[in-house]
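Enquirer: First, the structure itself, so that you have it in front of you.
Numbering (the numbering used here), first residue to last: 21 to 633.
Rendered as structure tokens:
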């Protein structure tokens, strides 16, 4: 045999072998197809997933409507960050797959009752695409405000009936009254404008617990309840239940997973957040949304955040998405502060989760780097590597470190995970008509917010690391916010701004020390009726440049005396090349510390903003 012929044969064998391996890999993907037509697809779906007997799975749904009910769903006790822990009925239980693809082909997935649609746990290479999520009956009470009597302390509500579920029993309103479950009180309640389908101007949340609800003529319900702020007559009042139970589960939860992509997935309703990611790596949400179905009379989509990323890492991308009518933020990107409970020995400590919706969360694993933050300083201090983790219960955890603990570390000091922080990019998104903030940002890695359209009830962009209530960590170090269009912002009033930088730390920490750093706010268009554009506390290297600010007259200012720019405890603030069209004569307020390093130059249209360079 000639040498060249031998080489050719060997090459052919190698190619054949490679093709064989590829074919084996392709054949190893378990493809399961579904077709519409059943009243409840939960049993078939559960059996298919449980009997897949492989690490790679594809679930393909022919276009149609698929109904999912809780009776035969997979059950598991779940700890879900920023939701209520408990035993959940899971429709898509996806555990430990090497690859997962869910192809909806434009289908609608309609859920019923208390169910947790998608739990993606310890999976890799996940692609979820091309379908819509909704509920047959929303977990909300919704009605139009007909009359208000502030002196006698009652309000008359015309409740929505078609497509909703509620009942009046013994002077108490019970909803959603589905499968034996109802909220104990109306609970979290908020008014929406009927015409614009957005939170009412100067609307205030309140927790409703009426003394009695009385049936009146013409289908009216009278709620006897003294309120500090009464909803406007003609507004749509919605209630989502008591705080302990009103976040059953998100539509999607990716826990300890990697390389997860959502593409063309729309959530019209959820019993919590839309898309949640916990301690996961590389998450993409594109061409997707959380918003109301066209033509619906509902005013609420998800009952919490549209998207939420807790202690993730790698790259997180939210692109070309639409988030509307949620009852919380458009997105929240953060880590977690835990509080040292006791020092066990020079290598070991025990910490505590401080918020009840963090309990059971995996704060750290073996090999993770952890920052120590010692009171009264707020800056990240020494770094140590976790050697082992011992879970005491859902509230307390012991960590043993490779190196000795820092000197003088003590009970009450904070821990923050250094390893699990992502870069974050949001571009081409529309976020509006919902409660709370458009984006909440708390990651020390690079953050880019560009080419979005924002309208906010509270602050549009919020930076607030806190060791006070939520214990969400993340002093920022590298943020660019550019080429966005802000309109009709901060219409709740209170102490909000278009851009708000406001850390909230416990009493034991220095309340004037720099917390956030290196934020660029450039080339944005801001059209809003109120005065406060930037409110900043404890930030260093904030650059506000090239922005166009236009005062509108579609609402009365809620903060008529506020300055456009308000700074406290800051260093190296630069305001340059911005323009203003409006009536506000109070351009800037600043303490002396901020003023010492403030740069102002080349701005146009501001009444008392003079160059100092």
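Ideal Cβ positions, reconstructed from N, Cα and C, are used throughout, including at glycine. If you're wondering where the values come from, they're calculated on a predicted model, not measured in any experiment.
Quickly, what does DSSP pair residue 552 with across the bridge? List them, please.
Expert: Paired residue(s): none; residue 552 is not in a bridge.
Enquirer: Nearest-angstrom Cα distance between residue 239 and residue 623?
Expert: In a straight line, the C-alpha of residue 239 is about 58 Å away from that of residue 623.
Enquirer: Let me make sure I understand the geometry here. Which of 185, 614, 287 has the alpha-carbon closest to that of residue 343?
Expert: The shortest Cα separation from residue 343 among 185, 614, 287 belongs to 287.
Enquirer: Return yes when the Cβ of residue 561 is within less than 9 Å of the Cβ of residue 538, no when it is not.
Expert: Taking 9 Å as the Cβ cut-off, residue 538 and residue 561 qualify as a contacting pair.
Enquirer: What are the residues that DSSP puts in a beta bridge with residue 324?
Expert: Beta-bridge pairing links residue 324 to no other residue.
Enquirer: Apply the 10 Å Cβ neighbour rule to residue 208 and answer buried if 16 or more other Cβ atoms are within range, or exposed otherwise.
Expert: Buried.
Enquirer: Start and end of the alpha helix (DSSP H) containing residue 64?
Expert: Unbroken alpha helix (DSSP H) run through residue 64: 62-70.
Enquirer: Assuming residue 619 contacts residue 596 (C-beta within less than 8 Å), just tell me the rounded distance between them.
Expert: Sure, about 7 Å apart at Cβ, within 8 Å.
Enquirer: Could you say which of 517, 328, 391, 289 lies nearest to residue 157 if we only look at CA atoms?
Expert: Selected option, being the one with the closest Cα: 289.
Enquirer: With DSSP run on the structure shown, which of helix, strand or coil describes residue 237?
Expert: Of the three classes helix, strand and coil, the one that applies to residue 237 here is helix, per DSSP.
Enquirer: If I follow the unbroken alpha helix (DSSP H) through residue 614, where does it start and stop?
Expert: Residues 612-615.
Enquirer: Since residue 501 and residue 535 should fall inside the 8 Å C-beta cutoff, what is the C-beta to C-beta distance between them, to a whole number of angstroms?
Expert: The Cβ separation is near 17 Å, so there is no contact.
Enquirer: What residue range does the beta strand (DSSP E) around residue 293 cover?
Expert: Counting along the chain, residue 293 falls outside any beta strand (DSSP E), and DSSP gives it neither H nor E.
Enquirer: Any idea what DSSP makes of residue 456, helix, strand or coil?
Expert: Three-state result, residue 456: coil.
Enquirer: Tell me which same chain residues have a C-beta within less than 6 Å of the C-beta of residue 154, skipping the five on either side of it?
Expert: Counting only Cβ-Cβ distances below 6 Å, and skipping sequence neighbours, we find 130, 288, 289.
Enquirer: How about residue 190: is its Cβ closer than 8 Å to a heavy atom in the ligand NAP?
Expert: In the structure on display, the ligand NAP does not appear, and there are no ligands present to speak of.
Enquirer: Please say whether residue 432 and residue 494 have beta carbons closer to each other than 9 Å?
Expert: Not in contact: residue 494 and residue 432 (Cβ atoms no closer than 9 Å).
Enquirer: Could you say which of 187, 373, 330, 424 lies nearest to residue 439 if we only look at CA atoms?
Expert: That would be 330, whose Cα lies nearest to the Cα of residue 439.
Enquirer: Nearest CA to the CA of residue 73: which residue from 189, 434, 362, 116?
Expert: Of the candidates 189, 434, 362, 116, the one whose C-alpha sits nearest the C-alpha of residue 73 is 116.
Enquirer: Could you give the residue range of the beta strand (DSSP E) that holds residue 397?
Expert: First-last for residue 397: undefined, no H or E at that position.
Enquirer: Between the beta-carbon of residue 300 and the beta-carbon of residue 275, is there less than 9 Å?
Expert: In this structure, residue 275 lies closer than 9 Å to residue 300 by Cβ.
Enquirer: In terms of DSSP beta bridges, what is residue 592 paired with?
Expert: In DSSP, residue 592 forms no bridge with anything.
Enquirer: On the criterion of 16 or more Cβ atoms from any shown chain inside 10 Å, does residue 249 qualify as buried, or is it exposed?
Expert: Label assigned to residue 249: exposed.
Enquirer: With 16 other CB atoms within 10 Å as the buried threshold, where does residue 396 fall?
Expert: With fewer than 16 other Cβ atoms within 10 Å, it is exposed.
Enquirer: DSSP has residue 211 in a bridge; who is on the other side?
Expert: Answer is 257.
Enquirer: Could you check the C-alpha separation between residue 488 and residue 523 for me, to the nearest Å?
Expert: Approximately 10 Å between the Cα atoms of the pair.
Enquirer: Since residue 349 sits in a beta bridge, which residues does DSSP pair it with?
Expert: Partner(s): none; residue 349 has no beta bridge.
Enquirer: Are the CB atoms of residue 61 and residue 123 within a distance shorter than 9 Å?
Expert: Result no, Cβ atoms of residue 123 and residue 61 do not sit closer than 9 Å.
Enquirer: Determine, using beta carbons only, whether residue 575 and residue 521 come nearer to each other than 9 Å.
Expert: No, the pair does not count as a contact, with Cβ atoms beyond the cut-off.
Enquirer: For residue 304, which residues in the same chain have their Cβ closer than 6 Å to its Cβ, ignoring the five residues on either side in sequence?
Expert: The residues are 281, 337.
Enquirer: What number of angstroms, rounded off, separates the C-alpha of residue 379 from the C-alpha of residue 279?
Expert: If you take the alpha carbons of residue 379 and residue 279, they lie about 26 Å apart.
Enquirer: If the criterion is Cβ atoms closer than 9 Å, does the pair residue 120 and residue 140 meet it?
Expert: Their beta carbons are under 9 Å apart, which means residue 120 touches residue 140 by this criterion.
Enquirer: Among residues of its own chain, excluding the 5 on either side of residue 170, which ones have a beta-carbon nearer than 7 Å to its beta-carbon?
Expert: Closer than 7 Å at Cβ, skipping near neighbours: 250.
Enquirer: Using only CA atoms, which one of 104, 573, 627, 470 lies nearest to residue 265?
Expert: Cα-wise, what sits closest to residue 265 is 104.
Enquirer: Which first and last residues belong to the beta strand (DSSP E) in which residue 206 is found?
Expert: Careful: residue 206 lies outside any beta strand (DSSP E) and carries neither H nor E.
Enquirer: In angstroms with no decimal places, state the Cα-to-Cα distance between residue 451 and residue 362.
Expert: Cα to Cα, the separation comes out at about 43 Å.
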